[in-house]
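Participant: Attaching a single structure in structure tokens format; questions to follow.
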Amino acid sequence: MPEVLYVCFTMLIGTVMHSVIIGKVISEVSQDTELKTLAEHRQRLVAGFMQHARLRGGSFLKRSPE
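Residue numbers (my numbering): 1 to 66.
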């Protein structure tokens, strides 16, 4: 009987650790995506302003191939 309790406790700890790790990974991936989207949005805003104000030198806004 003690070995069954030990196994149940160990599996419970493993489940909790697994969900914490997976949660952290998902959080990092979604945060990275949000930051990239925000940066691209701001680049479009700056490019639109430069076009509206008829400014030159917008080549630094063009994305390089990844």
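Note that CB positions come from ideal geometry on N, CA and C, so glycine has one too.
For residue 5, which three-state DSSP category applies?
Facilitator: Correct three-state label for residue 5: helix.
Participant: Would you identify the three-state DSSP class for residue 55, choosing helix, strand or coil?
Facilitator: DSSP places residue 55 in coil when its eight states are reduced to three.
Participant: In whole angstroms, what is the alpha-carbon distance linking residue 22 and residue 32?
Facilitator: In a straight line, the C-alpha of residue 22 is about 15 angstroms away from that of residue 32.
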